[in-house]
Amino acid sequence: MIYRECENPICFFCAYSTPLAATDDMVCSKCGIVKQDSTCKKFRYDPQKKIPKRAPKIKSNKFTAENFQL
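In this text, residue positions in the sequence shown follow our numbering: the first is 6, and each later residue adds one.
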């Protein structure tokens, strides 16, 4: 499921927070200036802030032209 609950409810993933430039702090519309790893009871998960894992590289030496023939 794409929109499941956040396993790690920290301010970095919260809908109410935005990052401050050149620092590890966040500006929260509910709590003010907070650290990225802090949390509070107003937490609301924003799935757009999640950084997806990279897809693994395909090993091209594993395939030959015969693999793609019908």
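Glycine is no exception: its CB is placed at the ideal position from the N, C-alpha and C atoms.
Helix, strand or coil at residue i according to DSSP, with G and I counted as helix
| i | result |
| --- | --- |
| Ser22 | strand |
| Lys40 | strand |
| Cys45 | coil |
| Arg59 | coil |
| Cys11 | coil |
Buried or exposed (CB count within 10 angstroms, at least 16 for buried), residue i
| i | result |
| --- | --- |
| Phe68 | exposed |
| Phe17 | buried |
| Ser34 | exposed |
| Ser65 | exposed |
Cutoff 6 Å; reference residue i; Cβ partners in own chain excluding five residues on either side
| i | result |
| --- | --- |
| Phe48 | Pro14, Cys19 |
Chain B contact for residue i (CB, 7 Å cutoff)
| i | result |
| --- | --- |
| Thr23 | No chain B appears in this structure, which consists of one protein chain only. |
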